[in-house]
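This report refers to the structure that appears directly beneath it.
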Amino acid sequence: MAYGPSDLMGDVVSLIEKRWANVRDVEMLGHALELQNSQTQIHFYRELKRLIRLIPVEVFSDEEQRQNLLNSCQLALDTAIEREEDELWSGEGAS
80 MAYGPSDLMG
90 DVVSLIEKRW
100 ANVRDVEMLG
110 HALELQNSQT
120 QIHFYRELKR
130 LIRLIPVEVF
140 SDEEQRQNLL
150 NSCQLALDTA
160 IEREEDELWS
170 GEGAS
(Lines of atoms letter the chains of each structure in order from A and count residues from 1; the text may use other names and numbers.)
(Lines give C-alpha, C1' and ligand atoms only; values in the text may rest on other atoms or scores of the structure.)
Protein backbone atom coordinates (compact mmCIF):
# COMPACT_ATOMS: atom_id res chain seq x y z
CA MET A 1 0.00 0.00 0.00
CA ALA A 2 1.27 3.48 -0.89
CA TYR A 3 2.37 6.00 1.71
CA GLY A 4 -0.62 8.31 2.12
CA PRO A 5 -1.72 11.44 3.98
CA SER A 6 -2.72 9.56 7.13
CA ASP A 7 0.69 7.84 7.17
CA LEU A 8 2.40 11.22 6.89
CA MET A 9 0.34 12.72 9.70
CA GLY A 10 1.02 9.69 11.89
CA ASP A 11 4.75 10.06 11.27
CA VAL A 12 4.62 13.80 12.01
CA VAL A 13 2.82 13.10 15.31
CA SER A 14 5.44 10.45 16.16
CA LEU A 15 8.18 12.94 15.36
CA ILE A 16 6.60 15.53 17.65
CA GLU A 17 6.28 12.98 20.46
CA LYS A 18 9.93 11.96 20.15
CA ARG A 19 11.98 13.56 22.92
CA TRP A 20 15.24 13.83 20.98
CA ALA A 21 14.40 13.92 17.29
CA ASN A 22 17.37 14.37 15.00
CA VAL A 23 17.91 15.35 11.39
CA ARG A 24 17.78 11.70 10.29
CA ASP A 25 14.31 11.35 11.82
CA VAL A 26 13.14 14.38 9.83
CA GLU A 27 14.77 13.16 6.62
CA MET A 28 12.99 9.81 6.99
CA LEU A 29 9.71 11.63 6.31
CA GLY A 30 11.08 12.88 3.01
CA HIS A 31 12.34 9.41 2.13
CA ALA A 32 8.95 7.87 2.96
CA LEU A 33 7.36 10.31 0.49
CA GLU A 34 10.00 9.34 -2.08
CA LEU A 35 10.94 12.96 -2.73
CA GLN A 36 13.59 12.67 -5.44
CA ASN A 37 13.84 16.26 -6.64
CA SER A 38 15.95 18.62 -4.49
CA GLN A 39 13.53 21.49 -4.99
CA THR A 40 10.66 19.31 -3.78
CA GLN A 41 12.69 18.27 -0.74
CA ILE A 42 13.49 21.90 0.05
CA HIS A 43 9.84 22.86 -0.20
CA PHE A 44 8.79 19.90 1.96
CA TYR A 45 11.30 20.58 4.75
CA ARG A 46 10.49 24.31 4.71
CA GLU A 47 6.77 23.60 5.06
CA LEU A 48 7.36 20.93 7.71
CA LYS A 49 9.33 23.43 9.77
CA ARG A 50 6.54 25.98 9.32
CA LEU A 51 4.00 23.38 10.45
CA ILE A 52 6.03 22.53 13.56
CA ARG A 53 6.21 26.24 14.43
CA LEU A 54 2.41 26.50 14.21
CA ILE A 55 1.87 23.67 16.69
CA PRO A 56 1.08 25.07 20.15
CA VAL A 57 4.03 24.99 22.54
CA GLU A 58 1.88 23.09 25.06
CA VAL A 59 1.92 20.03 22.77
CA PHE A 60 5.64 19.59 23.38
CA SER A 61 7.01 18.33 26.68
CA ASP A 62 9.06 21.53 26.95
CA GLU A 63 10.54 24.34 24.87
CA GLU A 64 13.82 22.45 24.48
CA GLN A 65 12.06 19.56 22.74
CA ARG A 66 10.31 21.97 20.37
CA GLN A 67 13.53 23.85 19.61
CA ASN A 68 15.40 20.60 19.02
CA LEU A 69 12.80 19.51 16.45
CA LEU A 70 12.89 22.90 14.73
CA ASN A 71 16.70 22.70 14.58
CA SER A 72 16.48 19.21 13.08
CA CYS A 73 14.05 20.50 10.44
CA GLN A 74 16.46 23.34 9.66
CA LEU A 75 19.37 20.92 9.31
CA ALA A 76 17.33 18.75 6.91
CA LEU A 77 16.48 21.89 4.93
CA ASP A 78 20.12 23.02 4.87
CA THR A 79 21.22 19.58 3.65
CA ALA A 80 18.62 19.63 0.85
CA ILE A 81 19.77 23.12 -0.19
CA GLU A 82 23.41 21.98 -0.26
CA ARG A 83 22.40 18.98 -2.36
CA GLU A 84 20.60 21.26 -4.82
CA GLU A 85 23.64 23.55 -5.05
CA ASP A 86 25.90 20.55 -5.69
CA GLU A 87 23.56 19.39 -8.45
CA LEU A 88 23.59 22.85 -10.03
CA TRP A 89 27.39 23.07 -9.88
CA SER A 90 27.88 19.58 -11.29
CA GLY A 91 25.35 20.38 -14.04
CA GLU A 92 27.29 23.49 -15.06
CA GLY A 93 30.53 21.53 -15.27
CA ALA A 94 28.94 18.99 -17.60
CA SER A 95 27.77 21.65 -20.07
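If you count the sequence shown from 1, position 75 lands on 154 in the numbering used here, and the numbers rise without skipping. Note that the Cβ used here is the ideal one computed from N, Cα and C, for glycine as well.
query: Pair within 7 Å by beta-carbon distance, V102 and S151; result: yes
query: C-alpha distance - Q120 paired with R145, whole-angstrom precision; result: 22 Å
query: Residues near L114 by beta carbon distance below 8 Å, same chain, minus five either side; result: Q120 and F123
query: Helix, strand or coil at K97 [DSSP, three-state]; result: coil
query: Straight-line Cα distance separating G170 from V20; result: Here the chain covers residues 80 to 174 and nothing more, so residue 20 does not appear.
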